[in-house]
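With numbering that gives the first Met the number 0, the residue at position 157 of the sequence shown is 156, and numbering never jumps. In this text, a Cβ means the ideal position worked out from N, Cα and C, and glycines have one as well.
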Amino acid sequence: MKNIFTSLVVFMAGVSMATAQTQGFSCTAGEETQKQYAKHPELLVAKEQLDAFTRDYVRQQQLRRASGQRVVNDSTKIIPVVFHIQHDAGVENISDQTVYTEMAHWNEYMQARNPELSTTDSTFIPLIGNPNIEFRLAQIDPNGNPTNGIERIYTQSTYLGNNNTKLDPWPRDKYLNVWLTKGIDKDVTFYGTLAYSMYPSSVATYTNNDIIDGILAKYFVVGANAQFSRPTLAHECGHWMNLAHTWGNTNAPEIDCGDDDVDDTPITKGNQNTCIHYLKVCNPPIIENEQNIMNYADCHFMFTQGQVDRMNAALGSSTAGRSNIWTAANLAATGTTDSLVYPNPNSVAVPVADFAVNNRLACAGGTPVTLTDVSWNAEITSRNWTLPAGAAFENGTTASDAVVKVSFSNAGWQPISLTVTNANGSNTKTKSMVYVSDGFPVATPYFEGFEDGNVAQNKWQPLNYDNNNTSFSYLTGTGHYSNACYKMNMYNATYDGDRDDLMSPMFDLSGIDISQQTLEFDYSWATNDANHMSDSIATIAVYATKDCGSTWTRIYYNLGGYNMYNAGTIANRAYVPGQTDEYWRHITINLPQAFVGQQAVNFKWSVTSAKGANHFYIDNINLGQDPSGVSAVAANTVGSINIIPNPSNGGMATLAMDIANASENTTAKLYDMEGREVMTIFSGETQAGQKNVKFNTANISNGVYLVKVSDGKTSVQKRFVKM
Numbered sequence: 000m001k002n003i004f005t006s007l008v009v010f011m012a013g014v015s016m017a018t019a020q021t022q023g024f025s026c027t028a029g030e031e032t033q034k035q036y037a038k039h040p041e042l043l044v045a046k047e048q049l050d051a052f053t054r055d056y057v058r059q060q061q062l063r064r065a066s067g068q069r070v071v072n073d074s075t076k077i078i079p080v081v082f083h084i085q086h087d088a089g090v091e092n093i094s095d096q097t098v099y100t101e102m103a104h105w106n107e108y109m110q111a112r113n114p115e116l117s118t119t120d121s122t123f124i125p126l127i128g129n130p131n132i133e134f135r136l137a138q139i140d141p142n143g144n145p146t147n148g149i150e151r152i153y154t155q156s157t158y159l160g161n162n163n164t165k166l167d168p169w170p171r172d173k174y175l176n177v178w179l180t181k182g183i184d185k186d187v188t189f190y191g192t193l194a195y196s197m198y199p200s201s202v203a204t205y206t207n208n209d210i211i212d213g214i215l216a217k218y219f220v221v222g223a224n225a226q227f228s229r230p231t232l233a234h235e236c237g238h239w240m241n242l243a244h245t246w247g248n249t250n251a252p253e254i255d256c257g258d259d260d261v262d263d264t265p266i267t268k269g270n271q272n273t274c275i276h277y278l279k280v281c282n283p284p285i286i287e288n289e290q291n292i293m294n295y296a297d298c299h300f301m302f303t304q305g306q307v308d309r310m311n312a313a314l315g316s317s318t319a320g321r322s323n324i325w326t327a328a329n330l331a332a333t334g335t336t337d338s339l340v341y342p343n344p345n346s347v348a349v350p351v352a353d354f355a356v357n358n359r360l361a362c363a364g365g366t367p368v369t370l371t372d373v374s375w376n377a378e379i380t381s382r383n384w385t386l387p388a389g390a391a392f393e394n395g396t397t398a399s400d401a402v403v404k405v406s407f408s409n410a411g412w413q414p415i416s417l418t419v420t421n422a423n424g425s426n427t428k429t430k431s432m433v434y435v436s437d438g439f440p441v442a443t444p445y446f447e448g449f450e451d452g453n454v455a456q457n458k459w460q461p462l463n464y465d466n467n468n469t470s471f472s473y474l475t476g477t478g479h480y481s482n483a484c485y486k487m488n489m490y491n492a493t494y495d496g497d498r499d500d501l502m503s504p505m506f507d508l509s510g511i512d513i514s515q516q517t518l519e520f521d522y523s524w525a526t527n528d529a530n531h532m533s534d535s536i537a538t539i540a541v542y543a544t545k546d547c548g549s550t551w552t553r554i555y556y557n558l559g560g561y562n563m564y565n566a567g568t569i570a571n572r573a574y575v576p577g578q579t580d581e582y583w584r585h586i587t588i589n590l591p592q593a594f595v596g597q598q599a600v601n602f603k604w605s606v607t608s609a610k611g612a613n614h615f616y617i618d619n620i621n622l623g624q625d626p627s628g629v630s631a632v633a634a635n636t637v638g639s640i641n642i643i644p645n646p647s648n649g650g651m652a653t654l655a656m657d658i659a660n661a662s663e664n665t666t667a668k669l670y671d672m673e674g675r676e677v678m679t680i681f682s683g684e685t686q687a688g689q690k691n692v693k694f695n696t697a698n699i700s701n702g703v704y705l706v707k708v709s710d711g712k713t714s715v716q717k718r719f720v721k722m
């Protein structure tokens with residue numbers, strides 16, 4: 000943006016306008032990078048080192064170019080790539096051919112041979128740079144097995160899309176990881192954030208850099224021909240090689256004039272959707288480079304020579320393993336030494352079997368479920384489905400079809416196998432993904448405290464969508480005024496968006512009247528990370544079905560914050576709740592009229608996990624207000640207490656105690672949710688009546704606590720939140 004550019008400026012008039020999109024799209028690479036710097040300040044040292052290395056490298060390239068010498072990037076650098084397609088068997092599970100099309104488009108941009116270059120504005124023709132980079136799909140995986148460079152992961156996390164949903168990363172110094180999902184930041188539209196990548200320095204020393212280093216993109220930008228999405232991966236790999244947006248390191252084009260630290264790209268505001276040729280807003284008469292790939296315009300299709308120098312500096316630096324990824328040794332290790340044709344006719348990869356199902360609940364003799372082959376890793380020449388006893392193919396489908404309809408006549412979990420084969424071998428996957436109801440509804444009103452282990456484990460069914468260790472399990476030893484409950488093992492959750500359900504037996508609701516049309520339950524939930532208390536991706540939802548799972552209606556939903564994490568933060572250890580009310584939250588749902596009086600209704604509690612969460616517990620499910628579900632709690636002679644304000648933002652709070660009887664030894668103490676004493680609020684003699692005590696909350700950490708008032712014989716406790 001400096002003198003090198005100004006000597007090349009040619010003033011020209013005329014402005015053309017491309018058709019604008021109705022909504023904006025964006026890339027949040029800058030914002031995600033700043034989050035990393037804020038969370039891990041030590042990364043700023045790596046940034047300074049990479050900046051210094053880049054400045055020296057670019058200076059040497061400029062001197063070579065000025066003296067007519069050959070620049071360093073005169074030989075093609077090969078980058079091995081792996082695509083991780085995270086899907087729920089929907090449109091986001093794009094075909095291998097779509098990825099192959101994307102590889103062709105991507106390499107056009109990275110070798111300055113994309114067809115749009117012929118329309119470059121005359122001002123910038125002398126500045127067009129050729130990155131001279133070729134991306135190749137890996138042919139050998141990290142374990143030394145043959146692959147086609149496309150991994151498919153059947154997961155609910157596809158709907159979320161963030162740094163905590165990047166599953167199964169391959170070593171970042173050997174492969175460029177590209178994750179494709181249906182949504183980014185829970186947005187599954189065709190607008191919003193289309194993709195983002197991590198800058199090298201933002202993952203240089205981060206402990207989990209293998210998890211987040213690479214490109215995350217919505218599925219539809221891959222292989223697309225639309226101008227707004229065709230260069231998306233070229234744009235993102237620009238960030239991966241340390242390029243900023245042309246206006247600077249933000250996601251805000253058309254706001255402020257900014258600099259990208261590249262000498263031959265002029266200072267600009269950038270522009271989105273439109274294509275304003277010969278734009279000169281920031282420093283007239285200097286013309287801005289709206290056709291740059293690192294802009295958001297409709298006509299972004301070129302890199303400058305200065306940007307190419309900066310990209311090659313990143314690839315020449317050891318920061319985040321970039322200098323190793325294109326070495327001859329790594330190309331041999333990843334099977335990318337030789338030029339590739341897709342699909343690779345010389346591949347020796349064996350397919351990996353996997354399948355999806357449209358409905359986890361079925362009824363004997365009811366609507367068939369749909370099973371879909373979502374196998375991957377290689378082309379498939381044949382397949383064979385194996386069904387359990389009592390199951391049959393329906394609607395003309397057969398054991399060799401990619402999509403089959405299956406009905407069941409036996410109750411319980413149904414083990415299903417799929418074998419896929421090609422010339423290199425075969426692979427089989429067996430999963431029990433469908434539960435068939437016995438068809439005998441339970442009468443209501445109904446109360447379930449999970450005390451009878453036989454009923455709890457045979458009538459209530461955990462559904463583990465991602466088939467991993469984060470799942471519901473029956474637990475004894477704790478509960479809400481009981482000795483049993485169900486627990487979801489979320490302390491060990493490794494990513495956001497892992498969904499697990501607890502499914503009820505079938506109920507006959509014809510036995511409840513208009514005054515009993517409620518579903519109640521208690522839960523206890525803590526987070527492992529206080530930083531994610533208010534913005535956690537975790538959710539609780541309850542669904543109901545009256546057609547044996549063909550359709551589900553959501554009847555309750557809770558997302559985030561102290562309201563959901565009722566037990567606050569329990570860090571670095573697994574959370575186990577106490578049995579009293581303060582550890583549990585009671586939920587009452589008014590049943591929709593569509594389900595009242597129905598004779599075959601199932602419910603399921605669906606919990607979406609978060610990487611920073613802790614265990615989730617559920618107990619005391621009461622359908623139709625069964626009186627057996629009302630807990631009898633002994634009266635406390637201490638009386639009632641209240642805390643004002645609650646929640647507290649810090650400073651002084653007041654504990655208001657209603658003392659029922661005089662006591663010589665009344666104590667009021669503050670405890671964390673694991674029972675550890677934090678402070679003594681009051682200790683001494685009290686008379687019957689009201690007593691108010693002020694206490695200072697400024698020096699305690701944000702979180703959820705219990706205030707317990709005792710006279711040595713009985714006690715009263717209340718939940719208190721410091722925010």
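Simplified DSSP state of residue i, which is helix, strand or coil
i, result
"residue 776", "No answer is possible for residue 776: the residues shown for the chain start at 0 and end at 722."
"residue 333", "helix"
"residue 237", "helix"
"residue 747", "Given that the chain is displayed from residue 0 to residue 722, the structure contains no residue 747 and the question cannot be resolved."
"residue 49", "helix"
"residue 199", "helix"
"residue 300", "coil"
"residue 78", "strand"
"residue 44", "helix"
"residue 57", "helix"
"residue 242", "coil"
"residue 705", "strand"
"residue 289", "coil"
"residue 718", "strand"
Beta bridge counterpart(s) of residue i as assigned by DSSP
i, result
"residue 519", "587, 621"
"residue 156", "DSSP output for residue 156 lists no bridge partner at all."
"residue 189", "DSSP lists no partner for residue 189."
"residue 487", "471, 615"
"residue 553", "542"
"residue 181", "Paired residue(s): none; residue 181 is not in a bridge."
"residue 605", "500, 540"
"residue 150", "83"
"residue 412", "434"
"residue 219", "None; residue 219 has no bridge partner."
Proximity to residue i [Cα-Cα], best of the options
i, options, result
"residue 416", "658, 356, 377", "356"
"residue 569", "582, 435, 578", "582"
"residue 692", "699, 706, 56, 150", "706"
"residue 189", "211, 178, 198, 223", "223"
"residue 709", "661, 701, 155, 671", "661"
"residue 405", "434, 530, 577", "434"
"residue 90", "179, 75, 26, 148", "179"
"residue 646", "493, 697, 181", "697"
"residue 314", "61, 123, 130", "130"
"residue 489", "438, 429, 411, 572", "572"
"residue 593", "366, 666, 585, 545", "545"
"residue 187", "155, 400, 576", "155"
Supposed close pair residue i, residue j - CB separation, criterion 8 Å
i, j, result
"residue 163", "residue 169", "Actually they are not in contact, since the Cβ atoms of residue 163 and residue 169 sit about 18 Å apart, beyond 8 Å."
"residue 725", "residue 98", "A query on residue 725 cannot be resolved here, the shown segment of the chain reaching from 0 to 722 and no further."
"residue 422", "residue 407", "Rounded, the Cβ-Cβ distance is 34 Å, inconsistent with contact."
"residue 374", "residue 469", "Contact flag wrong, Cβ pair sits at about 24 Å."
"residue 364", "residue 618", "Incorrect: roughly 34 Å between the Cβ atoms, too far for contact."
"residue 525", "residue 574", "4 Å"
"residue 269", "residue 283", "16 Å between Cβ atoms; not a contact."
"residue 480", "residue 623", "Between residue 623 and residue 480 the Cβ distance is about 20 Å, and since that is not below 8 Å, they are no contact."
Contact test: residue i Cβ vs the ligand NAD heavy atom, cutoff 7 Å
i, result
"residue 73", "By its list of ligands, the structure shown contains no ligand whatsoever, and the ligand NAD lies outside what it can speak to."
Chain B within 8 Å of residue i, Cβ atoms only
i, result
"residue 113", "Looking at the structure shown, chain B is missing, and only one protein chain is on hand."
Worksheet item: Along the chain, which unbroken stretches of the beta strand (DSSP E) at least 3 residues long are found entirely within the segment 430 to 485?
Response: 445 to 447, 460 to 463, 471 to 475
Item to complete: Would you mind listing the alpha helix (DSSP H) stretches within the segment 91 to 140 that are 4+ residues and don't spill past its ends, in chain order?
Response: 95 to 109
Worksheet item: At which residue ranges does the segment 315 to 379 contain complete alpha helix (DSSP H) runs of 4 or more residues, listed in the order of the chain?
Response: 321 to 324, 327 to 333
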